[in-house]
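In what follows, a single structure is set out as structure tokens and then discussed.
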Amino acid sequence: MVKMMNKLSLGYRILALIAVTIALIATLIYGLTNPLTQLVYGMLTLIVVLLYIINQKKHSS
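Per the working numbering, the very first residue in the sequence shown carries number 924; after that it's consecutive.
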């Protein structure tokens, strides 16, 4: 059960990294022409990073 949870959280970490990468690429493509898009992607990236940090703290404690 614990091994399953560790695999699951690893999958979420990989998904989070992919999501951040996509958001950064999209920001580079669209954000340069549209400040609003840049703001939205910046907020999404921030939320993902915060969730990642919270997830890390749960596992370490």
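Beta carbons: idealized from backbone N, C-alpha and C, even for Gly.
Residue i: first and last residue of the uninterrupted alpha helix (DSSP H) it sits in
i	result
Asn957	That residue, Asn957, is in no alpha helix (DSSP H); it is neither H nor E in DSSP.
Other residues of its chain near residue i: CB distance less than 6 angstroms, five sequence neighbours each side excluded
i	result
Ile975	Note on residue identity: the sequence assigns Tyr, not Ile, to residue 975. Same-chain partners within the cutoff: Ala939.
Own chain, CB closer than 7 angstroms to residue i, minus 5 neighbours either side, in chain order
i	result
Ala946	Tyr964, Leu967, Thr968
Residues near residue i in its chain [Cβ-Cβ closer than 8 angstroms; skip 5 each side]
i	result
Val943	Thr968, Val971, Val972
Tyr935	Asn978
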